[in-house]
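Quick note on numbering: the sequence shown equals residues 5 to 333 in the numbering used here. See below for the structure under consideration.
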Amino acid sequence: MPAVRTFAPAPPEGWIDRVRLLTETGVSDRKFAEWAPKLGLRTCLVSRGRAGVEAYYPPGSIRMIKRLLEISATSPRDMNRWLWQLWLEGFDVDICGWAKKHISSGLKGLVRRKSSGPRLIRNRVRGHSHRAAFATYSHLVAAGRAGPDREVSIHNVDPPIFDLLLKIGGLPSNTKLPAGELKKGEHKVSFKYLCKVLDTATEDEIEQARRDWRMLARWSDAAKAIDWNSISPELDLKFKALTGAPSDPPSWRARKAQRQRPWPAPPLVQNLVALWPELAARATVLPFLIDLRRSPTLGQMITTWAATIDLVFERCPRRLAATTTGSDA
Numbered sequence: 005m006p007a008v009r010t011f012a013p014a015p016p017e018g019w020i021d022r023v024r025l026l027t028e029t030g031v032s033d034r035k036f037a038e039w040a041p042k043l044g045l046r047t048c049l050v051s052r053g054r055a056g057v058e059a060y061y062p063p064g065s066i067r068m069i070k071r072l073l074e075i076s077a078t079s080p081r082d083m084n085r086w087l088w089q090l091w092l093e094g095f096d097v098d099i100c101g102w103a104k105k106h107i108s109s110g111l112k113g114l115v116r117r118k119s120s121g122p123r124l125i126r127n128r129v130r131g132h133s134h135r136a137a138f139a140t141y142s143h144l145v146a147a148g149r150a151g152p153d154r155e156v157s158i159h160n161v162d163p164p165i166f167d168l169l170l171k172i173g174g175l176p177s178n179t180k181l182p183a184g185e186l187k188k189g190e191h192k193v194s195f196k197y198l199c200k201v202l203d204t205a206t207e208d209e210i211e212q213a214r215r216d217w218r219m220l221a222r223w224s225d226a227a228k229a230i231d232w233n234s235i236s237p238e239l240d241l242k243f244k245a246l247t248g249a250p251s252d253p254p255s256w257r258a259r260k261a262q263r264q265r266p267w268p269a270p271p272l273v274q275n276l277v278a279l280w281p282e283l284a285a286r287a288t289v290l291p292f293l294i295d296l297r298r299s300p301t302l303g304q305m306i307t308t309w310a311a312t313i314d315l316v317f318e319r320c321p322r323r324l325a326a327t328t329t330g331s332d333a
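Written as structure tokens, this is what we have:
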């Protein structure tokens, strides 16, 4: 059933009519008609009687369409990436509508088989049975059937899914199960719940999410430029001391000190670099972060840790001849 159109007696002050928008941007009417719904471009319809209907758009629409033309000329043909980049840059893109559309469809339009995210999971979860168990658990979580009082849970499923999650995340094996507010959090990553979060997100929450994702983009860029050889050995020692993991024997440390090949980034940083290009991950993590920040306690913790990590990334030494391509839009 087509949506009922509503008309205004006059456009809001400063809004731009369609003819002016097309003229000043140089975009074709056909291309604009294709882009406008995907951008979630707000529209004001004004009836002119027998003269027909005129459409008006927000004042920033011209600048946004011009920027979209620039991005589309230099990036691979992927409207989803273009929309995300526009949103990061501060344009009025309906990012919640974009995420909800893809989550509601099971992320089918965003999942890439040959990509770094799934490859990272395969490398860290060995064995067909464990991979199958993780896949089954993931599907049940998305369907809202996971949790302490539901079909499966990280607290009781066999083989221990929590152990697999720790391997995927690169976290210590002695990490404790979630407690407190996070203990019953599995249902909060179901697709139905995530869509509900997106439906109720306020302008302030969306703006905070934009700041969070800009920070993640900075981290992704920094991770590719940092000289991990100069800090990874010390990081490795501190990480093991903090988690209670046994330190390497002296002979191992001596060999590592003489190694010539590049040191890998810490596992959590590897996760960020591998998952950053994955639009399916962005679509699901967007509402998840919004929901986490709705808790005053968790929101404060996220802000504190994020500010600390941001400062660490800023102060890490860079490679002298760093050649990075910038964050993937």
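Idealized CB from N, CA, C, for every residue including glycine.
Discussion item. Within a Cβ cutoff of 6 Å, which residues of the same chain sit near L283, ignoring the five residues on either side of it in sequence?
Written reply: Taking the first residue of the sequence shown as position 1, residue 283 is located at position 279. The answer, listed in chain order, is N84 and L114.
Discussion item. For W19 and P62, I'd like the C-alpha separation in whole angstroms.
Written reply: Translated into positions along the sequence shown, residue 19 becomes position 15. Translated into positions along the sequence shown, residue 62 becomes position 58. Looking at the two C-alpha atoms, the distance is approximately 5 Å.
Discussion item. Looking at the secondary structure, which residues open and close the beta strand (DSSP E) in which E74 lies?
Written reply: Position 70 of the sequence shown, counting from 1, holds the residue named residue 74. From DSSP, E74 is part of no beta strand (DSSP E) but of the alpha helix (DSSP H) over S65 to T78.
Discussion item. Let's test the definition: count the other Cβ atoms within 10 Å of the Cβ of R215 and tell me whether it reaches 16, buried, or not, exposed.
Written reply: Residue mapping note: residue 215 aligns to position 211 of the sequence shown, counting from 1. R215 should be labelled exposed.
Discussion item. I'd like to confirm the pairing. Which residues does DSSP put opposite R322 in its beta bridges?
Written reply: If you number the sequence shown from 1, residue 322 lands on position 318. According to DSSP, R322 bridges with I230.
Worksheet item: In chain order, what residues of the same chain have a beta carbon less than 7 Å from the beta carbon of K70, not counting five sequence neighbours either side?
Response: As a working mapping, residue 70 is identified with position 66 in the sequence shown. Around K70: T29.
Worksheet item: Quick one: complete alpha helix (DSSP H) runs, 4+ long, within the stretch 144-201?
Response: 165-173
Practice prompt. Starting from the C-beta of P271, find all residues in its chain whose C-beta is less than 6 Å away, skip the five residues before and the five after it, and write them out in chain order.
Written response: On the sequence shown, position 267 is the one that residue 271 refers to. Answer for P271: G174, listed in chain order.
Worksheet item: Taking C-alpha atoms, which residue in R116, F166 and K105 lies nearest to R135?
Response: Counting from 1 along the sequence shown, the entry for residue 135 is found at position 131. Taking only the C-alpha atoms, the option nearest R135 is F166.
Worksheet entry | Contacting residues, own chain, Cβ-Cβ under 8 Å from L3 (five flanking each side not counted) | A query on residue 3 cannot be resolved here, the shown segment of the chain reaching from 5 to 333 and no further.
Worksheet entry | Of the residues P13, K42, R298 and V129, the one placed nearest A59, counting alpha carbons only | Counting from one through the sequence shown, the residue named residue 59 turns up at place 55. Here the closest residue by C-alpha is P13.
Worksheet item: Going by Cα to Cα distance, which pick from S255, D96 and L293 is closest to A40?
Response: Within the sequence shown, residue 40 is the residue found at index 36, counting from 1. Checking every option, the nearest Cα to that of A40 belongs to D96.
Worksheet item: Within this structure, are the beta carbons of A278 and S120 separated by less than 8 Å?
Response: Position 274 of the sequence shown holds residue 278. Position 116 of the sequence shown holds residue 120. Closer than 8 Å, so yes.
Practice prompt. Could you tell me whether the stretch 299-313 touches the stretch 130-146, using the rule of 3 or more Cβ pairs below 8 Å?
Written response: no
Worksheet item: Looking only at DSSP bridge pairs, what is S51 linked to?
Response: Locating residue 51 in the sequence shown gives position 47, counting from the first residue. Answer by DSSP bridge pairing, in chain order: V57.
Worksheet item: Out of curiosity, what's the CA-to-CA distance linking R265 and C320?
Response: In the sequence shown, residue 265 corresponds to position 261, counting from 1. In the sequence shown, residue 320 corresponds to position 316, counting from 1. Each residue's alpha carbon lies about 19 Å from the other.
Worksheet item: Since A205 contacts C100 with CB under 8 Å, what's their CB separation in whole angstroms?
Response: On the sequence shown, position 201 is the one that residue 205 refers to. On the sequence shown, position 96 is the one that residue 100 refers to. Right, their Cβ atoms sit about 5 Å apart.
Practice prompt. On the DSSP bridge assignment, give the partners of D21 in chain order.
Written response: Looking up residue 21 in the sequence shown gives position 17. Answer is Y60.
Worksheet item: Taking three-plus beta-carbon pairs below 8 Å as touching, is the stretch 285-299 in contact with the stretch 102-116?
Response: yes
Item to complete: Just confirm the distance between the C-beta atoms of L202 and P291, as a whole number of angstroms; I'd bet it's less than 8 Å.
Response: For this step, residue 202 is matched to residue 198 along the sequence shown. For this step, residue 291 is matched to residue 287 along the sequence shown. Confirmed, about 5 Å.
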